[in-house]
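Numbering (this note's numbering), first residue to last: 3 to 453.
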C-alpha cells in the first residue's frame, strides 16, 4: 500500500521486496536458458546440425542462438505498448509462461538422426518462441522494479535484477556441469543434455506464482487513473525518437559485454584456447559468483555519485583493459585466466549494476515499458545475440584470438556518446512520476524531473 501527498508518495518496503524478487525471477529464467544453451553449444551443434566440421556445427548452433533475436524486436513492439496499456504485472506473467514453454520444448525435441531436417527447424521454432517472449521481459522487469523503488536507492534495488541474471546463468552452468559429471560424456551427449532444459518448467511455474501475487506499480496506477495509459506505439516512435536512439546506444555496450563474456566465453575458452571444459566452466562460475557478491555495490554507488560517472568509468575501462584481459586469458595459465576473468567481470558488473536503473528513467511513465522494450530489443537483436556468431566468424577469418577484445572496445567507444547525452537521474523522480520514498520515511519535496 502507498501513502500519497500532492507531490510525493510512499511504497511499503514489503511490496518493494516482492517486486524485486518477482522481476528478478523472470530475468533469471531468461539467462538460465542462455547459460544452458551456450554451455552446450557444441553438443547442440552435434545433435541438431551434424557436419564433418566441429567448427561448422558450432557456428550453426550459435546461428540457432542468434535467430531468436530476430523476433525480439517484434516481442518488444507487442508486449511493450501492451504493458503500458493493460499493466506491467499481467504482461510479465505472460512472458514468463512463454519463456518456460520455449526452453522446455528444446529438451523434448527429437534429434537430427531421428527426424532429419525437421530437428533444426523445430529448434528454431522453439528459439523463436523464446525470443518473442523475451522481447517483453527485461524492459518490463526493469520498469517494474524502478517504478516500485524509492528515488534515493533505485540504483541499489534495480541492480538485483541483474543479480537474477547472474543467478540464472550460474544455475544453468552448474546444472550442465553436474549432469555431465553424473551421467558421463557418452550418456550426456546421447540424452542427458535434455535434462537442464526440462528444468525450465518448475522454474517458470515458481516465477509465475511470484508474479501473479503482485499488483501493478503505483506509478502505472497513477497514469491509469488519469486516463493516460493508452500504450500507443505511434506515440513512442513519434514523440520519443531521441530517447529511443539514446537507449539503443546504451544497450549496445551492456549486451555486447553480456553476450561476448557470459555467453561466448565458455566456447572461446574451450574451442579457441583449448582449455579443459570443466576447468573453464568452474572458473567462469566462480567469476559470476564474485560478480553477484559486488553487483549491488555498483548500484548503490550510482545512487551516491550518479549513474553517468559509473557508466563512463565502465566504458573507459573496457576501452583500456579489454585487450590486456584477453591477453591474460590467452596465456592459458590458471593465474592468467583468473586475472583476465576478474578484469572482465568487474567491468561487466559495473555496467549491469547501473543500467537497470538508468534505462527506464529515459522514458516517461505512460510510454516507459514500450519505449524501453522496443529500443532494448532492437539493439539486442542487432548487436547482442549476434555477438557470439560474429566473434567466432571473425576469429576464423582473421585467425586473431583477440577479436573479442576489439569488439568490446568498439562497443564501449560508441556507448560513451549516449551516456554523455542522457540526463542524470540518480535520486530524482522518474519522468512523469511524483517523488517516491520508502514507506514510513515521510514525504519530501519533489525535485525537478529530468528533461
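All residues carry an ideal CB built from backbone N, CA and C; glycine is no exception. As the structure is a computational prediction, the values presented were derived from the model and not from experiment.
Taking DSSP as the reference, what is the three-state secondary structure of residue 128? Helix, per DSSP.
Taking 8 Å as the cut-off, does the segment 204–217 touch the segment 108–122 (at least 3 CB pairs, one atom from each stretch)? The segment 108–122 vs the segment 204–217: no contact.
By alpha-carbon positions, which one of 317, 295, 35, 16 ends up nearest to residue 129? In terms of Cα proximity to residue 129, the closest of 317, 295, 35, 16 is 35.
Under 8 Å Cβ to Cβ from residue 294, same chain only, skipping five residues before and after it: list those, please. For residue 294, where only same-chain residues beyond five positions count, the Cβ hits under 8 Å are 165, 168, 169, 172.
I need the boundaries of the alpha helix (DSSP H) containing residue 228, first residue and last residue. For residue 228, no alpha helix (DSSP H) run applies, since DSSP gives it neither H nor E.
Whole-angstrom distance between residue 218 and residue 326, CA atom to CA atom: One C-alpha to the other measures close to 46 Å.
Enclosing alpha helix (DSSP H) for residue 290 [first to last residue]: From DSSP, the alpha helix (DSSP H) with residue 290 extends over 279–307.
6 Å CB neighbourhood of residue 177 in its chain, flanking five on each side removed: Excluding sequence neighbours, residue 177 sits near 198.
Does DSSP put residue 447 in a helix, a strand or coil? The pLDDT assigned to residue 447 is 37, lower than 50, so where the model puts this residue is not dependable; a value taken from the coordinates is nonetheless given after this. Of the three classes helix, strand and coil, the one that applies to residue 447 here is coil, per DSSP.
What number of angstroms, rounded off, separates the C-alpha of residue 419 from the C-alpha of residue 251? Rounded to whole angstroms, the separation of the alpha carbons of residue 251 and residue 419 is 8 Å.
Spatial neighbours of residue 195 in its chain, beta-carbon cut-off 6 Å, leaving aside the 5 residues before and after: For residue 195, where only same-chain residues beyond five positions count, the Cβ hits under 6 Å are 42, 45.
Quick one: what does DSSP say residue 266 is sitting in, helix, strand or coil? In the structure shown, the three-state DSSP call for residue 266 is coil.
Classify residue 430 as helix, strand or coil using the three-state DSSP reduction. In this structure, residue 430 counts as coil in the three-state DSSP scheme.
Cα-Cα, which of 31, 277, 292, 30 is closest to residue 338? When each option's Cα is compared against that of residue 338, the closest is 277.
Say whether the segment 257–264 touches the segment 406–419, bearing in mind that this needs 3 or more beta-carbon pairs closer than 8 Å, one atom from each stretch. For the pair of segments examined, the segment 257–264 was found to touch the segment 406–419: the number of CB pairs separated by less than 8 Å reaches three.
Is residue 160 closer than 8 Å to residue 144 when the C-beta atoms are compared? For the 8 Å CB-CB criterion, residue 144 and residue 160 form a contact.
Please go through the segment 352–390 and give each complete alpha helix (DSSP H) segment of 4 or more residues, from N-terminal end onward. For the alpha helix (DSSP H) assignment, the uninterrupted runs of no fewer than 4 residues enclosed by the segment 352–390 are, from N- to C-terminal side, 357–360, 370–381.
Short Cβ contact (8 Å threshold) for residue 381 with residue 253: Taking C-beta atoms as the reference points, residue 381 and residue 253 count as a pair closer than 8 Å.
Is there at least one Cβ from chain C nearer than 8 Å to residue 257's Cβ? Absent here is chain C; the protein component of the structure consists of one chain.
If the criterion is Cβ atoms closer than 8 Å, does the pair residue 377 and residue 180 meet it? It is not a contact, given that the beta carbons lie outside the stated cut-off.
For residue 386, which residues in the same chain have their Cβ closer than 6 Å to its Cβ, ignoring the five residues on either side in sequence? Hits under 6 Å: 257, 261.
Between 142, 59, 15, 399, which has its C-alpha nearest residue 373's C-alpha? Cα-wise, what sits closest to residue 373 is 142.
Comparing C-alpha positions only, which one of 101, 81, 150 sits nearest to residue 92? Selected option, being the one with the closest Cα: 81.
How close, in whole Å, do the beta carbons of residue 203 and residue 106 come, if the pair is a contact with beta carbons under 8 Å? The Cβ separation is near 5 Å, so the contact holds.
Identify which residue in 317, 400, 308, 235 has its Cα closest to the Cα of residue 363. Proximity to residue 363 across 317, 400, 308, 235 peaks at 308, based on C-alpha coordinates.
Reduced DSSP category for residue 424 - H, G, I as helix; E, B as strand; rest coil: If DSSP states are grouped into helix, strand and coil, residue 424 belongs with coil.
What distance in whole Å lies between the Cβ atoms of residue 272 and residue 279, which are believed to be in contact at a cut-off of 8 Å? With a Cβ gap of about 5 Å, residue 279 and residue 272 count as contacting.
Local conformation of residue 539 per DSSP, three classes: Past the edges of the chain, shown from 3 to 453, lies residue 539, and the structure says nothing about it.
Have a look at residue 76 and residue 94 and give me their C-alpha separation to the nearest angstrom. Rounded to the nearest angstrom, the two C-alpha atoms are 16 Å apart.
Where does residue 187 land, buried or exposed, given buried means 16+ other C-beta within 10 angstroms? Exposed.
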